[in-house]
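>
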Amino acid sequence: MLLDAGLSYRALQERLGALNVAVEAITAIFVTHAHGDHVRSAASVSRRHGVPVYTTTGTRKAWGTPAEQIEHWKPLTAGKRTSRGALSFLPFTVPHDANETLAFRIDTPEGAIGFATDIGCVTSELVTRFQDCRVLVIESNHSVELLRISPYGASLRTRIGSDQGHLSNEALAAFCAEHLGESVQCVVLSHLSRVNNTPAIAEMTCREALDQRGRTDVQVLVTEQKRAAETIDMSTLPLPTEISKKPNVGGQHVLPFM
Ligand SMILES: [Zn+2]
Ligand SMILES: [Zn+2]
Numbered sequence: 195m196l197l198d199a200g201l202s203y204r205a206l207q208e209r210l211g212a213l214n215v216a217v218e219a220i221t222a223i224f225v226t227h228a229h230g231d232h233v234r235s236a237a238s239v240s241r242r243h244g245v246p247v248y249t250t251t252g253t254r255k256a257w258g259t260p261a262e263q264i265e266h267w268k269p270l271t272a273g274k275r276t277s278r279g280a281l282s283f284l285p286f287t288v289p290h291d292a293n294e295t296l297a298f299r300i301d302t303p304e305g306a307i308g309f310a311t312d313i314g315c316v317t318s319e320l321v322t323r324f325q326d327c328r329v330l331v332i333e334s335n336h337s338v339e340l341l342r343i344s345p346y347g348a349s350l351r352t353r354i355g356s357d358q359g360h361l362s363n364e365a366l367a368a369f370c371a372e373h374l375g376e377s378v379q380c381v382v383l384s385h386l387s388r389v390n391n392t393p394a395i396a397e398m399t400c401r402e403a404l405d406q407r408g409r410t411d412v413q414v415l416v417t418e419q420k421r422a423a424e425t426i427d428m429s430t431l432p433l434p435t436e437i438s439k440k441p442n443v444g445g446q447h448v449l450p451f452m
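Going by this note's numbering, the residue at position 130 of the sequence shown is 324; the numbering climbs one at a time, nothing skipped.
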């Protein structure tokens, strides 16, 4: 299953191929919103391989002409679960400047994943939905300082930095320090700007916030636009029951991947 399809068909094919996965193996695409960096090849994958596209009516309306190629629609409603195989998707809306932008909480047999790539700000609903997840894939779009001195024009900078735009490294760090659930074992920094951020700055900002909170047990992974990210095998993360059995050193859990 794909969550968004923002690469070209060819790039998607290459990235999946590197993981020994054929495009034909995709059985569904869940779409968060209709911005180009999330839907670029969604319509062509759907049409060529008869794959259903799960999204909201708002996204479908905002998508425009390419969406006309899609024959298999599955409507999503915020707050209503949809199951697909062993996975249960709970979509919910997040503040972003597109129609009905969604984030997902995905329950799997290995525990829950939180997925939120375009979020202007952290909402109380997101905090609640992500509370008992094991893995979070979440936006760390820009450094506030790099955005301030960015070559982008003033109106674009304002849009990105607004509560309906994109989440900064600093806002994500504040979320990690104040609201990260005890069960979260891995935070995957995503949707990094190539202009207003660097992987090193994003990782350091998040890591520092976690360390200050004594959450040295949390693994931080950084994704980049130009390459496939590290694969996470949730079955290799320690089970929550194992975590509670680990010795508690100075209020911190000790995990094997440290
Ligand atoms: Zn967007
Ligand atoms: Zn985006």
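Just so it is clear, CB atoms sit at the ideal spot from N, CA and C, and this is done for glycine as well.
#1: Starting from the N-terminal end, write out each residue whose C-beta falls within a distance shorter than 6 Å of any non-hydrogen atom of ligand 1.
#2: Could you tell me the boundaries of the alpha helix (DSSP H) in which Ala-348 lies?
#3: Would Met-428 and Val-329 qualify as a contact pair, given that the criterion is a beta-carbon distance under 8 Å?
#4: What is the rounded straight-line gap between the Cα of Lys-255 and the Cα of Ser-238?
#5: Quick one: grab the DSSP three-state call for Gly-359.
#6: Note the first and the last residue of the continuous alpha helix (DSSP H) segment covering Glu-402.
#7: Report the residue ranges of all beta strand (DSSP E) runs contained in full by the stretch 259-316; include only those spanning at least 3 residues, in chain order.
#8: Does the beta-carbon of Asp-198 have 16 or more other beta-carbons within 10 angstroms, so that it is buried, or is it exposed?
#9: For Thr-249, name the three-state secondary structure that DSSP assigns.
#10: In angstroms with no decimal places, state the Cα-to-Cα distance between Leu-281 and Val-338.
#11: What residues in its chain sit with their C-beta under 8 Å from that of Arg-323, if we drop five residues either side in the sequence?
#12: Need the endpoints of the alpha helix (DSSP H) that Val-233 sits in, please.
#13: Identify which residue in Asn-391, Thr-430, Val-316 and His-243 has its Cα closest to the Cα of Leu-374.
#14: Between Val-245 and the rest of its own chain, which residues show a CB-CB distance below 8 Å, the 5 nearest in sequence each way excluded?
Answer, in terms of the structure:
#1: Taken from the N-terminal end onward, the list reads His-227, His-229, His-290, Ala-292 and Asp-312.
#2: Going by DSSP, Ala-348 is part of the alpha helix (DSSP H) stretching over 348-355.
#3: Yes, these two residues count as a Cβ contact at 8 Å.
#4: Looking at the two C-alpha atoms, the distance is approximately 17 Å.
#5: Three-state result, Gly-359: coil.
#6: Start and end: 393-406.
#7: Within the stretch 259-316, the complete beta strand (DSSP E) runs of at least 3 residues fall at 267-269, 276-278, 281-287, 296-302 and 305-310.
#8: Classification of Asp-198: buried, given that the 10 Å Cβ count is 16 or more.
#9: If DSSP states are grouped into helix, strand and coil, Thr-249 belongs with the strands.
#10: Distance between the alpha carbons of Leu-281 and Val-338: 36 Å.
#11: Excluding positions up to five away in sequence, the list reads Leu-284, Phe-286, Ala-297, Arg-299 and Gly-308.
#12: Run containing Val-233: 230-233, per the alpha helix (DSSP H) assignment.
#13: It is Val-316.
#14: Close CB contacts of Val-245 within its chain, under the 8 Å cut and outside five residues either way in sequence, are with Ile-220, Thr-221, Ala-222, Ile-223, Val-239 and His-266 (chain order).
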